[in-house]
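Numbering (the working numbering), first residue to last: 3 to 227.
Take a look at the structure below.
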């Protein structure tokens with residue numbers, strides 16, 4: 003008896019009806035997660051900037067355990083700019099990649115002091131001049147600290163859900179962001195990333211998505227239901 007050749011999984015793609023499905027996706031996610039917001043703990047833009055840099059390849063929960071110690075020791079950009087790398091490394095070690103993150107934190111603080119008077123800037127262009135800050139981090143700061151919707155934050159959850167939902171065919175975060183931006187109202191750009199992140203953590207998980215309880219199942223081309 004011949005054995006059937008297993009079919010290859012289909013490559014996720016941006017479906018033609020993505021602009022039609024996007025408004026309903028937003029509506030349903032808003033209903034499912036009315037409290038969706040940034041999971042990082044912070045009191046000001048500087049703290050959020052530090053926390054976001056530390057969150058790379060690390061869970062928000064672990065970052066939130068580390069940042070109170072960091073902020074107690076270095077409460078301002080001026081204090082962090084003068085920090086000894088070894089002392090910062092000892093604090094941020096639990097977040098992983100601690101040497102690179104220490105260089106980014108101290109370099110960012112030094113740039114804030116030297117170029118921006120110790121104030122976290124409010125534009126994409128200026129934020130991206132800071133060490134350790136790319137579009138993702140800049141979008142987090144602008145959207146959450148300043149309420150400025152200049153783009154959409156794309157992390158691993160947003161990447162996974164955007165592809166599964168057929169909203170993009172790309173793997174690159176910037177290309178995904180530019181695919182998502184025309185699909186959702188600008189004043190919801192900050193919110194949609196939180197909604198997708200919440201949904202990705204609770205339902206559309208990486209290894210085995212819970213399609214049977216997903217509020218987007220009938221809108222999702224990747225659904226197993």
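Backbone N, C-alpha and C fix where the C-beta goes; we use that ideal spot for every residue, glycine too.
Bear in mind the structure is a predicted one, so any value in this text is a computation, not a measurement.
- In the three-state reduction of the DSSP assignment, residue 112 falls in the helix class, which pools H, G and I.
- Between residue 194 and residue 31, the CB-CB gap stays under 9 Å.
- The continuous stretches of alpha helix (DSSP H) do not include residue 211, and DSSP gives it neither H nor E.
- The segment 73-136 is shown to contain whole alpha helix (DSSP H) runs of 4 or more residues at 79-83, 87-94, 100-118, 126-129, in chain order.
- Between residue 94 and residue 56, the beta carbon gap of about 6 Å places them in contact (Cβ cut-off 8 Å).
- When Cβ pairs closer than 8 Å are counted between the two stretches, the segment 129-149 is seen not to touch the segment 75-95, the count staying below three.
- For the set 129, 153, 197, 218, the Cα lying nearest the Cα of residue 40 is the one of 197.
- A straight line joining the alpha-carbon of residue 121 with that of residue 210 spans about 43 Å.
- Cβ neighbours of residue 162 within its own chain (closer than 8 Å, five residues either side excluded): 202, 206, 208.
- Annotation: residue 17 to residue 140 spans about 29 Å, alpha carbon to alpha carbon.
- Residue 205 carries a coil assignment under DSSP once its states are collapsed to helix, strand and coil.
- In this chain, the alpha helix (DSSP H) harbouring residue 29 covers 20-34.
- Secondary structure of residue 154 (DSSP, three-state): coil.
- Taking the C-beta atoms as reference points, residue 45 is found nearer than 9 Å to residue 73.
- For residue 47, the uninterrupted alpha helix (DSSP H) segment begins and ends at 47-56.
- Between residue 110 and residue 52, the gap from beta carbon to beta carbon is short of 9 Å.
- If the five residues before and after residue 68 are omitted, its C-beta is found closer than 8 Å to the C-beta atoms of 56, 93, 94, 96, 97, all from its own chain and listed in chain order.
- Relative to the Cα of residue 167, the nearest Cα in the group 188, 153, 182 belongs to 182.
- For residue 214 and residue 58, the gap between their C-alpha atoms comes out near 31 Å.
- Between the beta-carbon of residue 54 and that of residue 143 there is about 7 Å, and that keeps the pair under the 8 Å contact cut.
- Closest in alpha carbon position to residue 108, among 119, 176, 89, 124, is 89.
- Residue 165 places its beta carbon less than 9 Å from that of residue 173.
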